[in-house]
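**Q**
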Amino acid sequence: MMKKQLITTCLVVMGMSSFGFSQANKRMQTEPAKKEVAPTQKPMTDEQIAERRADELRDQLNLTDMQHAKIFELHLGVSRKNDAVKANPNFSEAEKKELIQENEKNKAQMLNDMLTEEQRVQLKKIEAQPAAPAKQ
5 MMKKQLITTC
15 LVVMGMSSFG
25 FSQANKRMQT
35 EPAKKEVAPT
45 QKPMTDEQIA
55 ERRADELRDQ
65 LNLTDMQHAK
75 IFELHLGVSR
85 KNDAVKANPN
95 FSEAEKKELI
105 QENEKNKAQM
115 LNDMLTEEQR
125 VQLKKIEAQP
135 AAPAKQ
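Quick note: to get our numbering, add 4 to the position in the sequence shown (first position is 1).
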């Protein structure tokens, strides 16, 4: 029970912090954050990327609707947090790299905490497989 409360609290805090970053970003720019892609593709927003990642995990791990929603929020929150770190001129490149690595490490731990033991085993098997070559 305490673990669930801790996870919920972490998600709420992350959601609130990502909301604050998104509000600040909206004031500074008129378009949503977009990722670099090949010239023939439209850039994906943070929301689209988070949805794609959550959908992939849902299909691979048979996630519940609640897990899918929490994982979507986790990916979106960390992506926005990383975008804010990258855009912050007060951090050196080394500091940015360190902060982003820490965010990704925390994301992996939180994701792990959201999964059942069976799902964790399946995820480890998936991660151990070599990555498929990117489509050209």
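Glycine included, every Cβ here is placed at the ideal spot set by N, Cα and C.
Everything numeric in this text was worked out from a predicted model, so none of it was measured.
In whole angstroms, give me the CA-to-CA distance for residue 100 and residue 126.
**A** So the alpha carbons of these two residues sit roughly 32 Å apart.
**Q** According to DSSP, simplified to helix, strand and coil, what is residue 27?
**A** Below a pLDDT of 50, predicted positions are generally treated as unreliable, and residue 27, at 47, falls in that range; the measurement from the model is reported next regardless. Three-state DSSP puts residue 27 in a helix.
**Q** Taking the beta carbon of residue 123 as the centre, do at least 16 other beta carbons fall within 10 Å, making it buried, or is it exposed?
**A** So residue 123 ends up on the buried side.
**Q** Counting Cβ pairs, one atom from each stretch, are 3 or more of them under 8 Å apart for the stretch 51 to 64 and the stretch 74 to 83?
**A** With a cut-off of 8 Å, the stretch 74 to 83 and the stretch 51 to 64 count as touching, because enough Cβ pairs lie within range.
**Q** Leaving out five residues before and five after residue 89 in sequence, what residues of the same chain have Cβ atoms less than 8 Å from its Cβ?
**A** Counting only Cβ-Cβ distances below 8 Å, and skipping sequence neighbours, we find 95, 100, 103, 104 and 107.
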